[in-house]
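Before any comments, here is the structure.
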Amino acid sequence: MTIRRAACNCGQLHLTCEGEPMRISTCHCLECQRRTGAVFGNQAWFERGQVTSVTGNSTQFKRVADSGKSLTFQFCPVCGSTVYFEAEAFPGWLAVAVGSLADPDFPAPKHSVWERRRHSWVKAFGELPIKHSN
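Take any residue in the sequence shown, count from 1 to its spot, add 1014: that is its number in this note's numbering.
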């Protein structure tokens, strides 16, 4: 069975997941852009039972989506990294920030949402030359 560990930037908040995520998605909404500081957010959705441990302290931020349903983000109070969140629209699931898994071999997203908010140049990533660094 695959074991995945996610952590914040300072390592204080972390969780462990077992098995494969139920869904991997990219979100281009303005809220995800602001939350991540990037032009989109990536999340891996696991069933709650697949999350076998959550350790460390977290701070919550709750907001209401355009759908009228809430999202509750758990982030590290030390470094500010969002590690996971829950969405009222997906009861029983937990979304893990793909970047917090720090795994370059993690599977690519199969779903992309809020495309109308996508930066026009995002599609260019596949066309950029790859520069290898140490």
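In this text, a Cβ means the ideal position worked out from N, Cα and C, and glycines have one as well.
- Comparing C-alpha distances from Gly1033 to each of Phe1120, Cys1022 and Gln1047 shows the shortest one belongs to Phe1120.
- A buried status is given to Ser1072, since no fewer than 16 other beta-carbon atoms sit within 10 Å of its beta-carbon.
- Leaving aside the five residues that flank Arg1019 on each side, the residues in its chain whose CB is nearer than 7 Å to its CB run, in chain order, His1028 and Thr1030.
- For Gln1074, the three-state secondary structure derived from DSSP is strand.
- CA-CA distance, Ala1109 to Gly1055, rounds to 11 Å.
- Taking C-beta separations shorter than 6 Å and ignoring five residues to either side along the sequence, the partners of Thr1040 in its chain run Phe1054, Asn1056, Pro1123 and Ser1126, following chain order.
- In the DSSP assignment, Gly1055 falls within the beta strand (DSSP E) that extends over Gly1055 to Glu1061.
- For Leu1027, no alpha helix (DSSP H) encloses it, and the DSSP letter there is neither H nor E.
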